[in-house]
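One structure is given below, encoded as structure tokens.
In our numbering, the protein residues as written are 294 to 831.
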């Protein structure tokens, strides 16, 4: 240009943006003339185009643009008149100037001011020019900043990826869910391992703690000490006869092989039966009957050819007190070497046992020791020992709960804590007589008792055997002045309530012992003293 002004390129606004069916004309480069519509007349004489807009009120008319040669446009019309293609034209308000925000630490290049031919004074306008609305799009090309620092990445709408609050919450929620899942898996594995260890006892071989082996010694007065001392002297008897058989217990009296037991234990053998003795060690030996007495319910057998026998020491039953601890040893129901313990429940308990024959020949009268040590069938004949392992009684009878008739010797009922033993003082005397003579003697007073008397005491009968006198002539009772019809109420100061009790009290003594009796005659009480006689047993 020769007028000294820089030319401005104006973009003529079209009625609409070219569509897809209308090809757009593109400029060839800077300095080329813009395109002119084919139907628009060429400018002449520097006059303003006929279709150009009228100048605004108060605005000076501008010089018309110089004529440009006709031809294809060098570039696509710029709607926003973005530099470097010139300032805004009169036909379209200019958009707000883009003021880019620089990145931290990035220098901003100086802004280029588009050249103006003549600075125009500010012109008031009643209408505030509005920027052409920018299409709302998330495309990154619409965020392109030509003034940004070179090499910077294209900006994105909104906060950086992954910095949204929702993303943080999602990540936190995912981390929490992962930790919860890990805890559940760990607890499941731990529970499974614990169950396996509890069920199998561990992952390795189980070795349980155990006390060390001791020498087996126990205090001599303990039940274990008593049993250890007495068991070698206790035997089990198996008896068989032509009609019946039975099992019982006995204990060694001396080194010669004599063994004491009950008469009802060996009774099934009769005169031709077999008696077998089994020792605590398990050895067995045949035995023979030495003697027996049904009135005392005692018998002695002997084994031969056996050495090393250990006699069981005998105690003194007169020294026993109620409440003393005792141990019973035997073979209840053929269970040999069984040990039970208890106390002495009572003394001088008058009992009668037997009577199965019906004639009274097998009835035994015992002034017994009562114990709560369990005694059962098979214990008969076994020892009842004290804390020193000394024999104080021979277990003989029990009170059965289902009998209701009295004391039994051979019943099969179990123990209810009422067991009875023959005092060893009486057993010793009878055993000595059986070993020495084969028979035992019974102390007697020489009277026949009325066993049907229901009053208190033992009444002397009116007649004796075979209609003889009730008081034997020249006997102990006749010498003491006892008469038929007298009622004896005491023996040695002990009360007597029946004829059986009088027999028991008399047999608790030896023949030749002096006894003091108290009796009632015609309503008067009297005391007499007599010396016991002797009679052979059966």
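Yeah, the Cβ is synthetic: ideal placement off N, Cα and C, and Gly gets one too.
Practice task
Please classify residue 503: does DSSP put it in a helix, a strand, or coil?
Solution key: coil
Problem - Beta-carbon proximity of residue 617 to residue 644, cut-off 8 Å - result: no
Handout entry: Through-space distance from residue 557 to residue 535, alpha-carbon basis
Key = 16 Å
Exercise for the section: Whole angstroms is fine: what's the gap from residue 578's alpha carbon to residue 549's? Expected result: 14 Å
Exercise for the section: Check residue 719 in the structure and name its three-state DSSP category. Expected result: helix
Exercise for the section: Given a cut-off of 8 Å, decide if residue 723 and residue 546 are closer than it, judged by their beta-carbon atoms. Expected result: no
Exercise for the section: Can you say whether residue 475 is buried or exposed, counting buried as having 16 or more other CB atoms within 10 angstroms of its CB? Expected result: exposed
Problem - Residues near residue 801 in its chain [Cβ-Cβ closer than 6 Å; skip 5 each side] - result: 660
Practice task
Starting from the C-beta of residue 805, find all residues in its chain whose C-beta is less than 7 Å away, skip the five residues before and the five after it, and write them out in chain order.
Solution key: 824 and 825
Handout entry: Residues sharing a beta bridge with residue 688, DSSP
Key = 714
Practice task
Could you spell out the range, first to last residue, of the beta strand (DSSP E) harbouring residue 585?
Solution key: 577-586
Handout entry: Within 8 Å, strictly: CB atoms of residue 688 and residue 647
Key = no
Practice task
Give every residue of the same chain whose Cβ lies closer than 6 Å to the Cβ of residue 811, excluding the five residues on either side of it in the sequence, and list them in chain order.
Solution key: 782, 783 and 820
Practice task
Grab the span of the beta strand (DSSP E) containing residue 543 for me, first residue to last.
Solution key: 538-545
Handout entry: Reference residue 790; option with closest CA among 746, 517, 678 and 737
Key = 746
Exercise for the section: Kindly indicate which three-state DSSP category residue 828 falls into: helix, strand or coil? Expected result: strand
Practice task
Would you mind stating whether residue 621 and residue 596 have Cβ atoms separated by less than 8 Å?
Solution key: no
Exercise for the section: Check whether the stretch 559-570 touches the stretch 481-493, counting contact only when three or more Cβ pairs, one atom from each stretch, lie closer than 8 Å. Expected result: no
Exercise for the section: Could you please give me the residues that DSSP links to residue 809 through a beta bridge? Expected result: 822
Problem - Where residue 406 falls, given that 16 or more other Cβ within 10 Å makes a residue buried - result: Confidence at residue 406 is low in this model, with a pLDDT of 49, below 50, so the placement of that residue should be treated as unreliable; the coordinate-derived value is given next. The residue is exposed, with fewer than 16 neighbouring Cβ atoms inside 10 Å.
Handout entry: Residue burial classification, residue 499 (beta-carbon count within 10 angstroms, cutoff 16)
Key = exposed
Exercise for the section: Evaluate residue 828 with the Cβ neighbour count: other Cβ atoms within 10 Å of its Cβ, from every protein chain shown; 16 or more gives buried, anything less gives exposed. Expected result: exposed
Exercise for the section: Please name the residue, chosen from 807, 658, 540 and 472, that lies closest to residue 716 on a Cα-to-Cα basis. Expected result: 658
Handout entry: residue 627 (DSSP reduced to helix, strand or coil)
Key = helix
Practice task
Report the three-state DSSP secondary structure of residue 531 (helix, strand or coil).
Solution key: strand
Problem - Per DSSP, the bridge partner or partners of residue 776 - result: Paired residue(s): none; residue 776 is not in a bridge.
Exercise for the section: Starting from the C-beta of residue 411, find all residues in its chain whose C-beta is less than 6 Å away, skip the five residues before and the five after it, and write them out in chain order. Expected result: With a pLDDT of only 48 at residue 411, under the threshold of 50, the placement of this residue in the model should not be trusted; the figure read from the coordinates follows. Excluding positions up to five away in sequence, the list is empty.
Practice task
Report buried or exposed for residue 763, applying the criterion of at least 16 other Cβ atoms within 10 angstroms of its Cβ.
Solution key: buried
Practice task
To the nearest angstrom, report how far apart residue 809 and residue 676 are at their CA atoms.
Solution key: 32 Å
Practice task
Would you check if the distance between the CB atom of residue 685 and the CB atom of residue 610 is smaller than 8 Å?
Solution key: yes
Handout entry: Start and end residues, alpha helix (DSSP H) containing residue 519
Key = 516-523
Exercise for the section: With DSSP collapsed to three states, give me the class of residue 551. Expected result: strand
Exercise for the section: Look up residue 569 in the DSSP assignment and give the residues it is bridged to. Expected result: 531 and 579
Practice task
Using three-state DSSP, classify residue 644 as helix, strand or coil.
Solution key: strand
Problem - Length of the line joining the Cα atoms of residue 537 and residue 561 - result: 6 Å
Exercise for the section: Have a look at residue 774 and residue 814 and give me their C-alpha separation to the nearest angstrom. Expected result: 11 Å
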